[in-house]
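Chains as they are written, first to last, in the working numbering: chain F, 1 to 102; chain Y, 103 to 337.
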């Protein structure tokens, strides 16, 4: 059972941040009510975070990741779900690497 | 809330909780490759209990750890729970203060979706909500530990993991969840802004700030566009 103080501090801050996000909406309902701009921002932010997190490593790595990402989108939209999308994405990258792509 | 309703909620979420295993194992492998110990992986999964944001955090996990960026990215990546909490609050208006943190902690996608449907039909139950969440947090933690254990075997060889495409698991999660969330034309502009800003941030700022900067820019642009459109319709 090993843990570095720096890692523990980071995990504590992550736990507090996750709790703040989860509690925030619950508590904010008392003050913000249904403020339109806040509601619209909350609607758009999660997708924007996800594509931001994905695009840089895909662009940096190139070929195999582009094909894997395309396969993930197609499998998720057509097979309709998280698990098939994930398996197809990883399998496609493995096949692309086997075919010689980076 | 009764012990029996807690048990019923736990039993009901037992099978759905297995859906977290592929992602959990992938996270455990990725965390092991970043040098986290099994204890740290288990502690993070149990206390943070938000898979996508944990994966985002791993992207930032380089020593010295950027603590503010880690907390900010976890907060922003979990903003959908902000919306879920807001939707849940009217059904639990007089919740005692010492129960609230437990409710917030187990407000995660599948548990929230199952229970909010019951609350809206008028027969929601706090015991079922907490019981389901308890099973979900245990299975998520177990899955990530299993991944960490697997990484100690054949997957500990980075070239083997790369050949198997496992270096793509984290990115694949973002792509798959984004594909699920995508609502067509409504999202194209804000996601394009997020992508362009993230790439520019990587080029201009460096490090891993692109997630927070791209996420904030795309979200704010989408909100501005949406509110402007509805104002135009009114006038």
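Glycine included, C-beta positions come from ideal geometry on N, C-alpha and C.
Asked	Found
Interface positions of the region 318–332 of chain Y facing chain F (Cβ-Cβ less than 9 Å), listed along the chain	318, 319, 320, 321, 322, 323, 324, 325, 326, 327, 328, 329, 332
Whole-angstrom C-beta distance between residue 62 of chain F and residue 270 of chain Y, which should lie under 8 Å	Actually they do not touch by this definition, with Cβ atoms about 12 Å apart.
Outcome for residue 304 of chain Y when other beta-carbon atoms lying within 10 angstroms are tallied against a minimum of 16	buried
Chain F contact for residue 293 of chain Y (CB, 8 Å cutoff)	yes
Where residue 115 of chain Y falls: helix, strand or coil (DSSP)	coil
Closer than 7 Å at the beta carbon, the chain F residues around residue 187 of chain Y	22, 23, 24, 25, 26
Residue 221 of chain Y at chain F interface by Cβ criterion, 8 Å	no
Cβ of residue 67 of chain F within 8 Å of any chain Y Cβ	no
Distance CB(residue 152 of chain Y)-CB(residue 172 of chain Y) smaller than 8 Å	no
Cβ contact (3+ pairs, closer than 8 Å) linking the region 51–62 of chain F and the region 270–284 of chain Y	yes
Residue 181 of chain Y beta carbon less than 8 Å from that of residue 45 of chain F	yes
As assigned by DSSP and simplified to three states, the class of residue 301 of chain Y	helix
Own chain residues within Cβ distance below 7 Å of residue 179 of chain Y, not counting five before or after	154, 155, 158
Runs of alpha helix (DSSP H) wholly within the region 140–219 of chain Y (minimum 4 residues, chain order)	140–150, 153–162, 169–179, 181–190, 202–207
Contacts around residue 109 of chain Y, its chain only, beta-carbon distance under 7 Å, and the 5 residues preceding and following it disregarded	233
Residue range of the unbroken alpha helix (DSSP H) whose run includes residue 335 of chain Y	312–336
Below-8 Å beta-carbon distance, residue 5 of chain F vs any chain Y residue	no
Where residue 6 of chain F falls, given that 16 or more other Cβ within 10 Å makes a residue buried	exposed
Validate contact between the region 203–219 of chain Y and the region 91–100 of chain F using beta carbons, cut 8 Å, 3 pairs	no
Cβ neighbours of residue 209 of chain Y in the same chain (closer than 6 Å, five flanking residues each side left out)	183, 186, 187
Cβ-based contacts, 9 Å cut-off: residues of the region 43–61 of chain F near chain Y	43, 44, 45, 46, 47, 48, 49, 50, 51, 52, 53, 54, 55, 56, 57, 58, 59, 60, 61
Distance CB(residue 115 of chain Y)-CB(residue 238 of chain Y) smaller than 8 Å	yes
Span of the alpha helix (DSSP H) around residue 100 of chain F	From DSSP, residue 100 of chain F is part of no alpha helix (DSSP H); its letter is neither H nor E.
Cβ neighbours of residue 64 of chain F in the same chain (closer than 7 Å, five flanking residues each side left out)	93, 96, 97, 101, 102
Under 7 Å (Cβ pairs) to chain C, residues found in the region 117–147 of chain Y	Going by chain labels, chain C is absent from the structure shown, which instead holds the protein chains F and Y.
Nearest-angstrom Cα separation, counted from residue 331 of chain Y out to residue 131 of chain Y	45 Å
The ligand GTP heavy atom lying under 7 Å from the CB of residue 8 of chain F	For the ligand GTP, the structure offers nothing, since it holds no ligand at all.
Within-8 Å CB hit, residue 41 of chain F to chain Y	yes
Rounded Cβ spacing between residue 28 of chain F and residue 329 of chain Y (contact assumed at less than 8 Å)	The pair is not a contact, with the Cβ atoms about 18 Å apart (cut-off 8 Å).
Selection from Y:149, Y:281, Y:322, Y:336 that minimises the alpha carbon distance to residue 295 of chain Y	Y:322
Euclidean distance between Cα positions of residue 144 of chain Y and residue 335 of chain Y	50 Å
Distance between residue 129 of chain Y and residue 246 of chain Y (C-alpha atoms, nearest Å)	6 Å
Chain-ordered neighbours of residue 63 of chain F on chain Y, where CB pairs are closer than 7 Å	Those do not exist, as residue 63 of chain F stays about 12 Å from chain Y at its closest Cβ, beyond 7 Å.
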